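Take a look at the structure set out below.
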Amino acid sequence: MLMPWRIFWTSRKKIRRKRNMRSPIENPKLMQEQEDWVLVLERVLNHPPEKVWDALTRADQVSKWGPFSTDKDLTEVGPVRLKHINTPEAEEMEGYVLEVNAPYLLVFRWGADILRWELAALDRGKTTLVLRHRFAERKQAPSYAAGWHLCLDGLAGTLAGEQMPSMVGEEALKYGWQELYEVYEEKLGIRTK
101 MLMPWRIFWT SRKKIRRKRN MRSPIENPKL MQEQEDWVLV LERVLNHPPE
151 KVWDALTRAD QVSKWGPFST DKDLTEVGPV RLKHINTPEA EEMEGYVLEV
201 NAPYLLVFRW GADILRWELA ALDRGKTTLV LRHRFAERKQ APSYAAGWHL
251 CLDGLAGTLA GEQMPSMVGE EALKYGWQEL YEVYEEKLGI RTK
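Per the working numbering, residue 101 is the first one in the sequence shown, and the count goes up by one each step.
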């Protein structure tokens, strides 16, 4: 039989282990473009652009790390249906692939937001990924940054062949979303409370 303190420490270790899956926080940028805001996150991945491209665009891969599933690959300009992961009651959203330049550029609309994924090859088979998320409300930036941080961790794990847990929706809280949110509030100079 586990003693209450043992249960407490065992569960704390599990939570700590989950939170240790996170990568360090890099230097996010937030810029205003006309009436919208653009959050820029950058990540170096230990895989060539072609492999990263497959994970970004193939429907069977996107749902392994991203916040949504897609009804088709994101490799051609045109409409796409997006469904939030871990939110069964959420309705499908209309998306639209706006631009594709394989394996270096993917731009698509997710609801009213625009996501721009840029890949650049580095030495030793690595890739720099730059995500530019364009949205209307400045105060949303820390939330988006924390969510994308976890998703990019999921992408890195998926690329490494790991079976990644879902870290979106309510599940994100188990992986340190709240702590990330607070750090991004500070780094982006936004206080929402």
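From the three backbone atoms N, C-alpha and C, an ideal C-beta is built for every residue, glycine too. Since the model is a prediction, treat every value here as computed from it, not as a measurement.
How far does the beta strand (DSSP E) with residue i in it reach, from first residue to last?
i: residue 147; result: No beta strand (DSSP E) holds residue 147; DSSP gives it neither H nor E.
i: residue 285; result: Looking at the DSSP string, residue 285 is not in any beta strand (DSSP E); the run it does join, the alpha helix (DSSP H), is 277-288.
i: residue 179; result: 178-184
i: residue 131; result: 129-133
i: residue 209; result: 205-210
i: residue 195; result: 193-201
i: residue 123; result: Unbroken run through residue 123: none, as it is neither H nor E.
Taking just the CA atoms, how far does residue j sit from residue i?
i: residue 121; j: residue 223; result: Caution is warranted here: a pLDDT of 48 is assigned to residue 121, below 50, making its placement in the model unreliable, and no coordinate value can be reported.
i: residue 135; j: residue 238; result: 10 Å
i: residue 125; j: residue 281; result: 11 Å
i: residue 190; j: residue 182; result: 10 Å
i: residue 144; j: residue 156; result: 14 Å
i: residue 163; j: residue 264; result: 11 Å
i: residue 250; j: residue 268; result: 8 Å
i: residue 150; j: residue 229; result: 12 Å
i: residue 194; j: residue 272; result: 24 Å
i: residue 85; j: residue 148; result: Beyond the ends of the chain as shown, which are 101 and 293, falls residue 85; an answer cannot be given.
i: residue 201; j: residue 146; result: 21 Å
i: residue 184; j: residue 211; result: 12 Å
i: residue 192; j: residue 209; result: 14 Å
i: residue 240; j: residue 133; result: 15 Å
i: residue 291; j: residue 236; result: 17 Å
i: residue 260; j: residue 279; result: 25 Å
i: residue 215; j: residue 207; result: 6 Å
i: residue 180; j: residue 213; result: 14 Å
i: residue 106; j: residue 254; result: Because residue 106 carries a pLDDT of 36, less than 50, the predicted location of this residue cannot be relied on, and no value is offered for it.
i: residue 198; j: residue 244; result: 21 Å
i: residue 177; j: residue 227; result: 24 Å
Would you kindly check if the distance between the Cβ of residue j and the Cβ of residue i is under 7 Å?
i: residue 219; j: residue 204; result: yes
i: residue 242; j: residue 275; result: no
i: residue 57; j: residue 266; result: The structure shown does not extend to residue 57, since the chain is modelled only from 101 to 293, so the question has no answer here.
i: residue 258; j: residue 165; result: yes
i: residue 141; j: residue 217; result: no
i: residue 256; j: residue 277; result: no
What span of residues does the alpha helix (DSSP H) with residue i cover, start to end?
i: residue 253; result: 241-259
i: residue 162; result: 159-165
Across which residues does DSSP place residue i in a beta bridge pair?
i: residue 227; result: 145 and 221
i: residue 140; result: 129 and 232
i: residue 170; result: 182
i: residue 213; result: 210
Pop quiz: residue i and residue j are said to be a contact at Cβ under 8 Å. What is the actual Cβ separation, rounded to whole angstroms?
i: residue 288; j: residue 128; result: 6 Å
i: residue 233; j: residue 139; result: 5 Å
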